[in-house]
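Numbering-wise (the numbering used here), the sequence shown opens with residue 774 and increments by one.
Here the structure comes first, spelled out in structure tokens, and everything after it is commentary.
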Amino acid sequence: MIFGVAMLVLFLGVITTAAVVDGFVPPSHVQSIDPTKVSQTPPFDHPGLRKVANGAYEAYYVARIFSFTPASIEVPAGSRVTFYVTSADVEHGFSIPATGVNTMVTPGWVSAVSHTFREPGTFLLVCNEYCGAGHQLMAAKVVVK
Ligand code: CUA
């Protein structure tokens, strides 16, 4: 019992020290944001799809219980889309099954993940972190034409 508690304290100490000394942030979270001011902070004050070059898009999403904004985006087949996602309330997930798109969405941070949609189809985008009573309803779609 004493050994177990000592190990827990040691691990917690190592993690805390590493977080403070190295400034650890959650994976893929490169940019911070005030989670109470998401709707006033560009570009998340106008979430949606932006074309940045031929075949390259940026999609800005706000996750909040229990929806994603935008609810639907449409891109041509072959497009590379970089998703930037933040949360206006609690921890959410952002996952498009059968693609490499899967990230946590932590309040206070912007998650970024890219994917090239080669085949046409309608892709379901789901929240895969339990976030409350309506978690299973939290979804959006990506339509590839
Ligand atoms: Cu949002 Cu589960």
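C-beta atoms are modelled at their ideal positions from N, C-alpha and C, and glycine is treated no differently.
Starting from the C-beta of L910, find all residues in its chain whose C-beta is less than 7 angstroms away, skip the five residues before and the five after it, and write them out in chain order.
F839
From C900, A885, I806, pick the residue whose C-alpha is nearest to that of P870; which is it?
C900
Here's a check: name, in chain order, each residue in its chain whose Cβ is nearer than 8 angstroms to the Cβ of A912, leaving out the five neighbours to either side.
F841, L897, L898, V899, C900
Starting from K914, follow its DSSP beta bridges and name the residues at the other end.
S845, L897
In chain order, what are the residues with a CB under 5 angstroms from some non-hydrogen atom of ligand 1?
H865, C900, C904, H908, M911
Please report the straight-line C-alpha distance between Y833 and T789, rounded to a whole angstrom.
32 angstroms
Please classify M744 as buried or exposed, where buried requires at least 16 other C-beta atoms within 10 Å of its C-beta.
Outside the displayed range of the chain (774 to 918) lies residue 744, so it cannot be described from this structure.
Put T809 into one of helix, strand or coil per three-state DSSP.
helix
If you reduce the DSSP assignment to three classes, tell me which class M877 lands in.
It is a strand residue.
Give me, in chain order, the residues of the same chain whose beta-carbon lies closer than 6 angstroms to that of F856; leave out the 5 immediate sequence neighbours on both sides.
A832, V886
Can you list, in chain order, the residues of its chain whose CB lies under 7 angstroms from that of K914, leaving out five sequence neighbours each side?
S845, T895, F896, L897, L898
Candidates T876, S868, P880, V854: which alpha carbon is nearest A861's?
Nearest option by C-alpha distance: P880.
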